[in-house]
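Working notes, structure below.
In my numbering, the protein residues as written are 893 to 1304.
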């Protein structure tokens, strides 16, 4: 199999040169957006610029049989049922156990992750399961950070020095009593790397999802460069400590210059309306291309709660959850199309309306199970500087207008 891929890649170098000579697009934006369709045959690793994706041996299985999905879930009060493991496993071979999963019944989040790793591996040993840890917020959900709480932290001065202190009040910075890690402290960085690796190893996970790449830089803008370099160093040290056989997925890491070289994968988390804007989506399609060319996984996460849709205004509790589930079904075609327009090999779609177990991971979206097939080439921008795009797949034609937020997927 490896020999065949090498031959294809050598042939595609010549083919890519021909495509480059023939292309005459003057449109702004990604260079590949108006290239002619490429006859890629059956290769599922063909990037839209005509080169081949080079996956690492640690990566999950990937194919274009259906829309590739990533699943991320958490429920602090319980573990998954056998039926729920089967449900999630049937949709994705790439999953992450969120930050406080099963903590109230098993004591610590790393124990909850270990429980689910074993459950998924029993069903399908090739499923890749990630552990969760945060690089900015001191969530006290694991045995490694359980003492970062109001009623405990003063008894642990060696840990308290790892937290950001407000320069004016002298009090610990926090959001709803969740403290902030200080990435500028080298002792913290060493402790943090060891804590993350301990959790991955204990749980038996295939890697880790690291949330928050910012280092709270807005609290100390005068030290912006130092914060960014410290974050990059910490993530590089983590990758080295984890080893080549583990996956490091960084949230919103594609454009973080100091962090990007260290990660194997990057999530695009659309957590507000600006992230769903037409301009941002266009930039992210380019980022997904760059990720693929660098041999990195992309995760395209859409939460419909970020739309600010009037259908959910003022709703709370169960009524809000029901409305959001309905909204997620109504808006699926648009967001699925937004993903498919820019998707590359090893790009995965995460859909729902939040991170909790009851907010999407168990919902059946039949359209995500329809045969999609390999893309026939890059996307096309129909009119220069406007916002209609199309792309062809073996079994689907995709059209999207990111200005009017409309889409149509025509299944073949």
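Ideal Cβ positions, reconstructed from N, Cα and C, are used throughout, including at glycine.
In whole angstroms, give me the CA-to-CA distance for residue 1220 and residue 1255. Put simply, the backbone Cα of residue 1220 is about 10 Å away from that of residue 1255.
Say whether the segment 1205-1223 touches the segment 1241-1249, bearing in mind that this needs 3 or more beta-carbon pairs closer than 8 Å, one atom from each stretch. With the cut-off at 8 Å, the segment 1205-1223 and the segment 1241-1249 touch.
Under the three-state reduction of DSSP, which class applies to residue 961: helix, strand or coil? Residue state, collapsed to three classes: strand.
Got a sec, what are the start and stop residues for the beta strand (DSSP E) residue 1190 sits in? 1189-1195 is the extent of the beta strand (DSSP E) around residue 1190.
With burial defined as no fewer than 16 other Cβ atoms inside 10 Å of the residue's Cβ, what is the status of residue 1237: buried or exposed? It counts as buried.
Excluding the 5 residues flanking residue 929 on each side, which residues of the same chain have their C-beta closer than 6 Å to its C-beta? Reliability of the predicted coordinates at residue 929 is poor, the pLDDT of 42 falling under 50, and the value obtained from them is presented with this limitation in mind. Closer than 6 Å at the Cβ level, and outside the excluded window around residue 929, lie 1268, 1269.
Can you tell me whether DSSP reads residue 1091 as helix, strand or coil? DSSP places residue 1091 in helix when its eight states are reduced to three.
Go through its chain and collect everything with a Cβ distance to residue 1026's Cβ below 6 Å, but skip five positions before and after it. Counting only Cβ-Cβ distances below 6 Å, and skipping sequence neighbours, we find 1103, 1104.
Under a three-way DSSP split, which group does residue 1059 fall into? DSSP places residue 1059 in coil when its eight states are reduced to three.
Residues near residue 1285 in its chain [Cβ-Cβ closer than 6 Å; skip 5 each side]: The residues are 1264, 1265, 1267.
Just the C-alpha distance for residue 1174 and residue 1183, rounded to the nearest angstrom, thanks. So the alpha carbons of these two residues sit roughly 14 Å apart.
Could you check what DSSP says for residue 1103 in three-state terms: helix, strand or coil? Strand at residue 1103.
Might you give, ordered along the chain, the residues of its own chain that have their beta carbon closer than 7 Å to the beta carbon of residue 1188, omitting 5 neighbours on each side? Answer for residue 1188: 1155, 1156, 1157, 1158, listed in chain order.
Since residue 1148 contacts residue 1119 with CB under 8 Å, what's their CB separation in whole angstroms? About 11 Å; that fails the 8 Å criterion.
Is the segment 1109-1128 close to the segment 1077-1085, with three or more CB pairs under 8 Å? Yes, they touch.
Can you list, in chain order, the residues of its chain whose CB lies under 6 Å from that of residue 1020, leaving out five sequence neighbours each side? Answer for residue 1020: 952, 986, 1098, listed in chain order.
Taking the alpha-carbon of residue 1030 as reference, which of 949, 1044, 1235, 1128 has the nearest alpha-carbon? Comparing Cα positions, the closest option is 1044.
Helix, strand or coil at residue 1005 [DSSP, three-state]: Reduced to three states, the DSSP call for residue 1005 is helix.
Between residue 962 and residue 1191, which are expected to be in contact by the criterion C-beta below 8 Å, what is the C-beta distance as a whole number of angstroms? That pair is a contact at about 5 Å.
Between residue 1239 and residue 1280, what straight-line distance do the alpha-carbon atoms span, to the nearest angstrom? Taking the straight line joining both Cα atoms gives about 22 Å.
What do you get for residue 1150, buried or exposed, if any count of 16 or more other CB atoms within 10 angstroms of its CB means buried? Classified as buried, residue 1150 has 16 or more neighbouring CB atoms from the shown chains inside 10 Å of its CB.
So, with DSSP's three-state summary, where would you put residue 1267? If DSSP states are grouped into helix, strand and coil, residue 1267 belongs with the strands.
Curious, which full-length alpha helix (DSSP H) runs of at least 4 residues does the segment 1123-1186 contain? Counting only runs of 4 or more, we get 1170-1185.
Distance, residue 1134 Cα to residue 1176 Cα: Each residue's Cα considered, the two are about 28 Å apart.
Is residue 1033 near residue 968, with beta carbons less than 9 Å apart? The answer is yes: Cβ separation under 9 Å.
Compare the Cα-Cα distances from residue 1257 to each of 1247, 1273, 1227 and report the closest residue. With distances taken between Cα atoms, residue 1257 lies closest to 1227.
Rank 1179, 1213, 1208, 1209 by C-alpha distance to the C-alpha of residue 1195 and give the top, closest one. When only C-alpha atoms are compared, the closest one is 1213.
Within the continuous beta strand (DSSP E) that includes residue 1244, where are the two ends? Boundaries of the beta strand (DSSP E) around residue 1244: 1239-1244.
Please say whether residue 1259 and residue 1224 have beta carbons closer to each other than 9 Å? In this structure, residue 1259 lies closer than 9 Å to residue 1224 by Cβ.
Residue from 1138, 1132, 1128, 1136 with nearest C-alpha to residue 1145: It is 1128 whose Cα lies nearest to the Cα of residue 1145.
So, with DSSP's three-state summary, where would you put residue 1097? Here residue 1097 sits in coil by DSSP.
Taking Cβ positions, are residue 1051 and residue 1065 nearer each other than 9 Å? Cβ distance not < 9 Å, so residue 1051 and residue 1065 don't count as in contact.
Close beta carbons around residue 1004, own chain, < 7 Å, minus the five adjacent residues each side: Apart from sequence neighbours up to five positions away, the residues of its chain that approach residue 1004 with a beta-carbon distance below 7 Å are 971, 989, 993, 994, 995, 998, ordered along the chain.
Is the beta carbon of residue 1138 less than 9 Å from the beta carbon of residue 1085? The Cβ atoms of residue 1138 and residue 1085 lie no closer than 9 Å to each other.
Range of the contiguous alpha helix (DSSP H) that encloses residue 1000: That residue, residue 1000, is in no alpha helix (DSSP H); it is neither H nor E in DSSP.
Can the beta-carbon of residue 1015 be found closer than 9 Å to that of residue 978? A contact, by the Cβ cut-off of 9 Å.
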